[in-house]
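Enquirer: The sequence shown runs 1 to 259 under UniProt numbering. Input: one structure, supplied below.
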Amino acid sequence: MLLQAYLFLSCVSLVWNARASAMVVITAEGYVRPVEVGVYYESLCPCCQSFITGQLASAYTEAPELINLTLVPYGNAQTTKTSRGYEFVCQHGPTECQGNKIHSCAIKYVQNKMQLLNYVACMMSDESDPEAIGEECAQLTGIPWKPILRCSRGREGTELLKSNGDLTEALGPEMEGVPAITFDGKLGDQLAAINNFWGELCKHFPEPKPAKCLTPSYKTFSLHERLQGGTDGKEHSSEKLWKKRSPFEWNTKYTNCTK
């Protein structure tokens, strides 16, 4: 499962273009400002695992130049200030808090967004032992593991997770569950964003739309389809294909992921 998750993303990482991190990129249509996409999640939430390893990974590998991605691991956790710093209570227990810290440290130390997404998606394929899986995924993705481990075990990881909590709380009561997805800093229709991330993303580009937005949203999954054994040429709806391809149980009502 880990290797499959890694290969799914890394096979296209070779075509990563550094222009994706710029404020403005040049496409065939001219200058396009990437959409600022924020993904607020927690490491053990099945809905988050499904979205990140499926919809988000597919869209980002197809069009990294159109997305300025920010990952915020924290979710529905709670933070308490103590004499020693901060303590966290996570929705899915201490293991999730540990995973969230590792993700937070990776976000700080991995500058290449494609490589970071490779790593996060790899970890989210199996979070039963965050440190073991974190080390394995670091090896698979070519990321130095020791700085991330040291960060996650110390004050640095605690401070990073606290900061992510502040960012998450700033979304306000409009955030009803995770994953919570923002486009240019604003929460929209969350079920629409999760069911058809590509379609919702493309709504945020002015006319003329980037050429990639003019193709049916199901084509976002063309790479995943090929890796699974070929395409049948049919125009599947995003939701149907998503349910079919997701390695995790799909849930459109945020069961176990609400506040």
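Built from N, CA and C at the ideal position, the CB exists for glycine as well.
1) What are the start and end residues of each continuous alpha helix (DSSP H) run of 4 or more residues lying completely inside the stretch 48–130, in chain order?
2) Count the other CB atoms, across all protein chains shown, that sit within 10 Å of the CB of Q78; report buried if there are 16 or more and exposed otherwise.
3) Looking at the structure shown, is I148 part of a helix, part of a strand, or coil, going by DSSP?
4) Is it the case that the Cβ atoms of L201 and F183 are separated by a distance below 8 Å?
5) At which residues does the alpha helix (DSSP H) containing I143 begin and terminate?
6) Can you give me the C-alpha to C-alpha distance between residue 262 and M124, rounded to a whole angstrom?
7) Extract the residue ranges of the alpha helix (DSSP H) inside the stretch 149–219, only unbroken runs of 4 or more that lie entirely within it.
8) Kindly confirm or deny that the stretch 191–199 and the stretch 106–116 touch, where touching means at least three C-beta pairs closer than 8 Å.
9) Determine, using beta carbons only, whether N68 and P94 come nearer to each other than 8 Å.
10) Kindly indicate which residue of E87, F88, N112 has the alpha-carbon position closest to the one of P64.
11) Of the residues K209, E159, P173, K186, which one's Cα is nearest the Cα of Q86?
12) Alpha carbon to alpha carbon, how far is A59 from F88?
Expert: Taking the definition as stated:
1) 57–62, 94–109, 113–123
2) exposed
3) helix
4) yes
5) Careful: I143 lies outside any alpha helix (DSSP H) and carries neither H nor E.
6) Since the displayed the chain opens at 1 and closes at 259, residue 262 lies outside it and no answer follows.
7) 155–169, 190–195, 197–202
8) no
9) no
10) N112
11) Going by the sequence as given, residue 86 is Tyr instead of Gln. For the residues K209, E159, P173, K186, the minimum Cα distance to Y86 belongs to E159.
12) 32 Å
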